[in-house]
(Lines of atoms letter the chains of each structure in order from A; the text may use other names.)
(Lines give C-alpha, C1' and ligand atoms only; values in the text may rest on other atoms or scores of the structure.)
Protein backbone atom coordinates (compact mmCIF):
# COMPACT_ATOMS: atom_id res chain seq x y z
CA UNK A 1 0.00 0.00 0.00
CA UNK A 2 1.29 3.46 -0.93
CA UNK A 3 2.52 5.82 1.76
CA UNK A 4 -0.27 8.36 1.27
CA UNK A 5 -2.97 5.68 1.74
CA UNK A 6 -1.22 4.39 4.86
CA UNK A 7 -1.09 7.96 6.16
CA UNK A 8 -4.83 8.37 5.56
CA UNK A 9 -5.61 5.17 7.47
CA UNK A 10 -3.25 6.11 10.28
CA UNK A 11 -4.78 9.58 10.54
CA UNK A 12 -8.27 8.07 10.69
CA UNK A 13 -7.27 5.71 13.51
CA UNK A 14 -5.56 8.58 15.36
CA UNK A 15 -8.71 10.70 15.06
CA UNK A 16 -10.85 7.87 16.46
CA UNK A 17 -8.45 7.60 19.40
CA UNK A 18 -8.78 11.31 20.19
CA UNK A 19 -12.58 11.08 19.93
CA UNK A 20 -13.16 8.08 22.19
CA UNK A 21 -10.21 7.74 24.58
CA UNK A 22 -11.23 9.67 27.74
CA UNK A 23 -8.09 11.64 28.55
CA UNK A 24 -7.42 12.44 24.87
CA UNK A 25 -10.89 13.65 23.91
CA UNK A 26 -10.62 16.61 26.28
CA UNK A 27 -7.69 18.19 24.41
CA UNK A 28 -7.73 20.75 21.61
CA UNK A 29 -6.03 18.18 19.35
CA UNK A 30 -9.35 16.37 19.06
CA UNK A 31 -10.95 19.39 17.37
CA UNK A 32 -7.97 19.89 15.05
CA UNK A 33 -7.98 16.25 13.93
CA UNK A 34 -11.76 16.27 13.58
CA UNK A 35 -11.60 19.34 11.37
CA UNK A 36 -9.16 17.65 9.00
CA UNK A 37 -11.21 14.45 9.12
CA UNK A 38 -14.28 16.34 7.96
CA UNK A 39 -12.75 18.78 5.48
CA UNK A 40 -10.02 16.74 3.75
CA UNK A 41 -9.76 13.00 4.48
CA UNK A 42 -13.03 11.74 2.87
CA UNK A 43 -12.42 13.79 -0.28
CA UNK A 44 -8.80 12.67 -0.62
CA UNK A 45 -9.69 9.00 -0.23
CA UNK A 46 -12.44 9.36 -2.82
CA UNK A 47 -10.10 11.14 -5.27
CA UNK A 48 -7.53 8.39 -4.71
CA UNK A 49 -10.14 5.79 -5.64
CA UNK A 50 -11.35 7.72 -8.71
CA UNK A 51 -7.94 8.71 -10.09
CA UNK A 52 -5.33 6.01 -9.38
CA UNK A 53 -3.09 7.08 -12.29
CA UNK A 54 -0.61 9.86 -11.59
CA UNK A 55 -1.33 11.33 -15.04
CA UNK A 56 -5.06 11.70 -14.38
CA UNK A 57 -4.78 14.97 -12.44
CA UNK A 58 -1.85 16.90 -10.98
CA UNK A 59 -1.12 17.39 -7.30
CA UNK A 60 -2.74 20.83 -6.96
CA UNK A 61 -5.98 19.63 -8.57
CA UNK A 62 -5.92 16.53 -6.37
CA UNK A 63 -5.57 18.64 -3.21
CA UNK A 64 -8.26 21.15 -4.28
CA UNK A 65 -10.72 18.41 -5.22
CA UNK A 66 -10.03 16.68 -1.89
CA UNK A 67 -11.33 19.72 -0.02
CA UNK A 68 -14.23 20.23 -2.44
CA UNK A 69 -15.42 16.63 -2.40
CA UNK A 70 -15.13 16.45 1.40
CA UNK A 71 -17.42 19.47 1.70
CA UNK A 72 -19.86 17.68 -0.63
CA UNK A 73 -19.61 14.15 0.81
CA UNK A 74 -19.93 14.91 4.53
CA UNK A 75 -23.28 16.80 4.26
CA UNK A 76 -24.65 14.02 2.03
CA UNK A 77 -23.73 11.43 4.67
CA UNK A 78 -25.39 13.61 7.30
CA UNK A 79 -28.50 13.95 5.13
CA UNK A 80 -28.71 10.19 4.75
CA UNK A 81 -28.33 9.66 8.51
CA UNK A 82 -31.14 12.13 9.13
CA UNK A 83 -33.58 9.60 7.64
CA UNK A 84 -32.34 6.72 9.80
CA UNK A 85 -33.11 5.83 13.44
CA UNK A 86 -29.56 6.87 14.41
CA UNK A 87 -29.93 10.50 13.33
CA UNK A 88 -27.18 13.11 12.95
CA UNK A 89 -25.08 12.42 16.03
CA UNK A 90 -21.38 12.01 16.74
CA UNK A 91 -21.20 8.20 16.77
CA UNK A 92 -23.14 7.53 13.53
CA UNK A 93 -21.28 10.27 11.66
CA UNK A 94 -17.90 9.02 12.92
CA UNK A 95 -18.69 5.43 11.93
CA UNK A 96 -19.96 6.41 8.48
CA UNK A 97 -16.97 8.65 7.70
CA UNK A 98 -14.56 5.96 8.91
CA UNK A 99 -16.22 3.22 6.84
CA UNK A 100 -16.41 5.50 3.79
CA UNK A 101 -12.71 6.38 4.09
CA UNK A 102 -11.58 2.77 4.54
CA UNK A 103 -13.65 1.55 1.57
CA UNK A 104 -12.26 4.30 -0.68
CA UNK A 105 -8.69 3.57 0.45
CA UNK A 106 -9.10 -0.16 -0.29
CA UNK A 107 -10.55 0.61 -3.73
CA UNK A 108 -7.72 3.06 -4.43
CA UNK A 109 -5.12 0.52 -3.39
CA UNK A 110 -6.65 -2.16 -5.62
CA UNK A 111 -6.92 0.15 -8.64
CA UNK A 112 -3.35 1.39 -8.25
CA UNK A 113 -1.98 -2.15 -8.13
CA UNK A 114 -3.85 -2.91 -11.35
CA UNK A 115 -1.65 -0.30 -13.09
CA UNK A 116 2.03 -0.61 -14.06
CA UNK A 117 4.28 0.61 -11.21
CA UNK A 118 5.50 3.67 -13.15
CA UNK A 119 1.90 4.87 -13.73
CA UNK A 120 0.63 4.56 -10.16
CA UNK A 121 0.04 7.75 -8.25
CA UNK A 122 2.17 8.09 -5.15
CA UNK A 123 3.44 10.87 -2.97
CA UNK A 124 7.21 11.20 -2.62
CA UNK A 125 7.34 12.94 0.76
CA UNK A 126 11.12 13.42 0.68
CA UNK A 127 11.00 15.09 -2.73
CA UNK A 128 8.01 17.18 -1.72
CA UNK A 129 9.81 18.38 1.42
CA UNK A 130 12.94 19.32 -0.53
CA UNK A 131 10.89 21.22 -3.12
CA UNK A 132 8.89 22.98 -0.43
CA UNK A 133 12.05 24.00 1.43
CA UNK A 134 13.63 25.30 -1.76
CA UNK A 135 10.50 27.33 -2.51
CA UNK A 136 10.32 28.81 0.99
CA UNK A 137 14.06 29.35 1.51
CA UNK A 138 15.69 29.73 -1.93
CA UNK A 139 19.49 30.08 -1.84
CA UNK A 140 19.39 33.27 -3.89
CA UNK A 141 17.07 34.95 -1.42
CA UNK A 142 18.32 38.01 0.46
CA UNK A 143 18.20 38.54 4.21
CA UNK A 144 15.12 40.81 4.04
CA UNK A 145 13.25 38.31 1.87
CA UNK A 146 14.03 35.52 4.33
CA UNK A 147 12.76 37.62 7.24
CA UNK A 148 9.54 38.37 5.37
CA UNK A 149 9.12 34.67 4.52
CA UNK A 150 9.54 33.69 8.18
CA UNK A 151 7.01 36.35 9.22
CA UNK A 152 4.56 35.02 6.62
CA UNK A 153 4.96 31.43 7.87
CA UNK A 154 4.47 32.53 11.49
CA UNK A 155 1.36 34.51 10.49
CA UNK A 156 -0.12 31.47 8.75
CA UNK A 157 0.58 29.24 11.76
CA UNK A 158 -0.96 31.79 14.15
CA UNK A 159 -4.06 32.12 11.92
CA UNK A 160 -4.53 28.35 11.75
CA UNK A 161 -4.06 28.09 15.52
CA UNK A 162 -6.68 30.79 16.12
CA UNK A 163 -9.18 29.02 13.85
CA UNK A 164 -8.63 25.75 15.70
CA UNK A 165 -9.00 27.52 19.05
CA UNK A 166 -12.26 29.21 18.03
CA UNK A 167 -13.67 25.86 16.89
CA UNK A 168 -12.45 23.99 19.97
CA UNK A 169 -13.48 26.65 22.49
CA UNK A 170 -16.64 28.29 21.11
CA UNK A 171 -17.79 31.54 22.63
CA UNK A 172 -20.39 31.09 25.31
CA UNK A 173 -23.79 32.07 23.98
CA UNK A 174 -26.83 33.49 25.68
CA UNK A 175 -27.92 31.69 28.85
CA UNK A 176 -31.57 30.67 28.90
CA UNK A 177 -34.01 27.89 29.73
CA UNK A 178 -36.67 26.57 27.40
CA UNK A 179 -39.96 25.78 29.12
CA UNK A 180 -42.90 24.37 27.17
CA UNK A 181 -46.10 22.37 27.44
CA UNK A 182 -47.53 20.06 24.78
CA UNK A 183 -50.82 18.29 24.38
CA UNK A 184 -51.18 14.53 24.97
CA UNK A 185 -50.17 13.84 21.34
CA UNK A 186 -46.83 15.59 21.82
CA UNK A 187 -47.80 18.64 19.76
CA UNK A 188 -48.62 22.22 20.64
CA UNK A 189 -52.34 21.58 20.22
CA UNK A 190 -55.35 19.81 21.77
CA UNK A 191 -54.54 20.94 25.29
CA UNK A 192 -57.02 19.66 27.89
CA UNK A 193 -59.24 22.60 28.85
CA UNK A 194 -62.52 20.92 29.86
CA UNK A 195 -62.56 18.77 32.97
CA UNK A 196 -65.15 16.95 35.01
CA UNK A 197 -64.47 17.03 38.72
CA UNK A 198 -62.61 13.85 39.67
CA UNK A 199 -61.26 13.23 36.17
CA UNK A 200 -57.57 13.36 35.30
CA UNK A 201 -56.05 14.52 32.01
CA UNK A 202 -52.42 14.75 30.99
CA UNK A 203 -50.05 17.23 29.37
CA UNK A 204 -46.38 16.96 28.45
CA UNK A 205 -44.05 19.41 30.18
CA UNK A 206 -40.54 20.01 28.87
CA UNK A 207 -37.46 21.83 30.16
CA UNK A 208 -34.32 22.42 28.08
CA UNK A 209 -31.25 23.74 29.90
CA UNK A 210 -29.04 26.21 27.99
CA UNK A 211 -27.56 27.82 31.10
CA UNK A 212 -24.01 26.39 30.61
CA UNK A 213 -24.21 24.63 34.00
CA UNK A 214 -26.31 22.05 35.79
CA UNK A 215 -29.60 23.57 36.94
CA UNK A 216 -32.04 22.56 39.67
CA UNK A 217 -35.62 23.56 38.96
CA UNK A 218 -38.83 23.46 41.01
CA UNK A 219 -41.86 22.79 38.85
CA UNK A 220 -45.18 23.85 40.36
CA UNK A 221 -48.68 23.55 38.91
CA UNK A 222 -51.12 25.88 40.57
CA UNK A 223 -54.83 26.44 39.97
CA UNK A 224 -56.08 29.94 40.74
CA UNK A 225 -59.39 31.80 40.64
CA UNK A 226 -60.99 34.62 42.61
CA UNK A 227 -62.26 32.31 45.35
CA UNK A 228 -59.56 29.79 46.17
CA UNK A 229 -56.21 28.50 44.96
CA UNK A 230 -54.49 25.19 45.23
CA UNK A 231 -51.20 23.52 44.30
CA UNK A 232 -51.95 20.40 42.28
CA UNK A 233 -48.39 19.32 41.42
CA UNK A 234 -44.82 19.97 42.58
CA UNK A 235 -41.49 18.38 41.65
CA UNK A 236 -37.76 19.17 41.93
CA UNK A 237 -35.80 18.50 38.74
CA UNK A 238 -32.06 18.62 37.96
CA UNK A 239 -31.11 19.10 34.31
CA UNK A 240 -27.55 19.15 32.94
CA UNK A 241 -26.43 21.73 30.41
CA UNK A 242 -27.80 21.14 26.90
CA UNK A 243 -30.03 18.35 28.21
CA UNK A 244 -33.80 18.05 27.95
CA UNK A 245 -36.22 16.90 30.63
CA UNK A 246 -39.67 15.93 29.41
CA UNK A 247 -42.40 14.21 31.36
CA UNK A 248 -46.12 13.47 31.24
CA UNK A 249 -47.99 15.15 34.08
CA UNK A 250 -51.53 14.27 35.12
CA UNK A 251 -53.81 17.17 35.98
CA UNK A 252 -56.66 16.52 38.40
CA UNK A 253 -58.47 19.69 39.52
CA UNK A 254 -60.04 19.44 42.98
CA UNK A 255 -62.80 22.01 42.66
CA UNK A 256 -65.33 23.32 40.14
CA UNK A 257 -64.96 26.58 38.26
CA UNK A 258 -64.93 28.33 34.90
CA UNK A 259 -62.13 30.23 33.18
CA UNK A 260 -59.66 29.19 35.84
CA UNK A 261 -55.99 29.84 35.29
CA UNK A 262 -53.86 26.70 35.46
CA UNK A 263 -50.33 27.99 35.99
CA UNK A 264 -47.15 26.09 35.17
CA UNK A 265 -44.47 27.79 37.27
CA UNK A 266 -40.76 27.02 36.96
CA UNK A 267 -38.43 28.21 39.73
CA UNK A 268 -34.63 28.08 39.47
CA UNK A 269 -31.93 27.39 42.07
CA UNK A 270 -34.35 27.17 44.98
CA UNK A 271 -35.60 30.75 44.56
CA UNK A 272 -39.33 30.34 45.19
CA UNK A 273 -40.14 34.07 45.44
CA UNK A 274 -40.64 34.62 41.72
CA UNK A 275 -41.00 32.12 38.84
CA UNK A 276 -38.06 31.91 36.46
CA UNK A 277 -40.42 30.83 33.66
CA UNK A 278 -44.21 30.53 33.61
CA UNK A 279 -46.92 29.23 31.32
CA UNK A 280 -50.66 28.80 31.75
CA UNK A 281 -53.84 27.27 30.40
CA UNK A 282 -57.42 28.44 30.92
CA UNK A 283 -59.61 25.53 32.01
CA UNK A 284 -63.21 24.78 33.00
CA UNK A 285 -64.12 22.20 35.62
CA UNK A 286 -67.73 21.05 35.84
CA UNK A 287 -69.67 18.83 38.21
CA UNK A 288 -70.12 15.20 37.14
CA UNK A 289 -73.51 14.38 35.64
CA UNK A 290 -75.99 12.94 38.08
CA UNK A 291 -77.67 9.68 37.12
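Numbering (UniProt numbering), first residue to last: 1 to 291. Beta carbons are placed, not taken as given, at the ideal position from N, Cα and C, and that holds for glycine. These figures come from a predicted structure and were not determined experimentally.
Exposure of residue 83 is indicated by the presence of fewer than 16 other C-beta atoms within 10 angstroms of its C-beta. Here the C-alpha atom of residue 215 lies approximately 15 Å from the C-alpha atom of residue 174.
If you keep only unbroken beta strand (DSSP E) runs of at least 3 residues inside the segment 166-222, you get 176-182, 194-196 and 201-210. Between the C-alpha atoms of residue 107 and residue 154 there is a straight-line separation of about 38 Å.
In the three-state DSSP reduction, residue 162 falls in the helix class (H, G or I). In terms of Cα proximity to residue 236, the closest of 204, 224 and 271 is 271.
Residue 217 is classed as buried because its beta carbon has at least 16 other beta carbons within 10 Å across all chains shown.
Take residue 67, set aside five residues on each side of it, and the residues of its chain with a beta-carbon closer than 7 Å to its own are 39, 40 and 43, in chain order.
Taking 7 Å as the cut-off, the Cβ atoms of residue 252 and residue 200 count as close. Between residue 181 and residue 208, the C-beta spacing is not below 7 Å. The C-beta distance from residue 149 to residue 206 rounds to 57 Å, too long to fall under 8 Å, and the pair is not in contact. Annotation for residue 17: 24 place their beta carbon closer than 8 Å to its own, counting only its chain and skipping 5 residues before and after.
In the structure shown, the three-state DSSP call for residue 286 is strand.
In the same chain as residue 191, and ignoring 5 residues on each side of it, the C-beta atoms closer than 6 Å to its own belong to 183 and 281, in chain order. The C-alpha of residue 194 lies about 15 Å from the C-alpha of residue 263. Taking a contact as a CB-CB distance under 8 Å, the pair residue 34 and residue 15 counts as one, their CB atoms being some 6 Å apart.
Nearest neighbour of residue 176 by Cα position, chosen from 45, 210 and 277, turns out to be 210.
Closest in alpha carbon position to residue 239, among 10, 222 and 266, is 266.
Taken atom to atom, the span from the alpha-carbon of residue 156 to that of residue 32 is near 15 Å. Per DSSP, the continuous beta strand (DSSP E) segment holding residue 248 begins and ends at 244-251. In the displayed model, residue 68 falls within a helix according to three-state DSSP. Here residue 49 is buried, its C-beta having at least 16 other C-beta atoms within 10 Å. A residue is called buried when at least 16 other Cβ atoms come within 10 angstroms of its Cβ; residue 8 meets this threshold and is buried. The three-state secondary structure of residue 48, taken from DSSP, is helix. DSSP places residue 238 within a strand segment (E or B) once states are collapsed to three.
In this structure, residue 104 sits away from residue 159, with a CB-CB distance that is not shorter than 7 Å.
According to DSSP, residue 261 shares a beta bridge with 224 and 282. Taking C-alpha positions only, residue 223 is separated from residue 197 by approximately 14 Å. The three-state secondary structure of residue 53, taken from DSSP, is strand.
Each residue's CA atom was taken as its position, placing residue 89 and residue 36 some 18 Å apart.
From the listed residues 268, 259, 255 and 277, the smallest Cα separation to residue 287 is found for 255.
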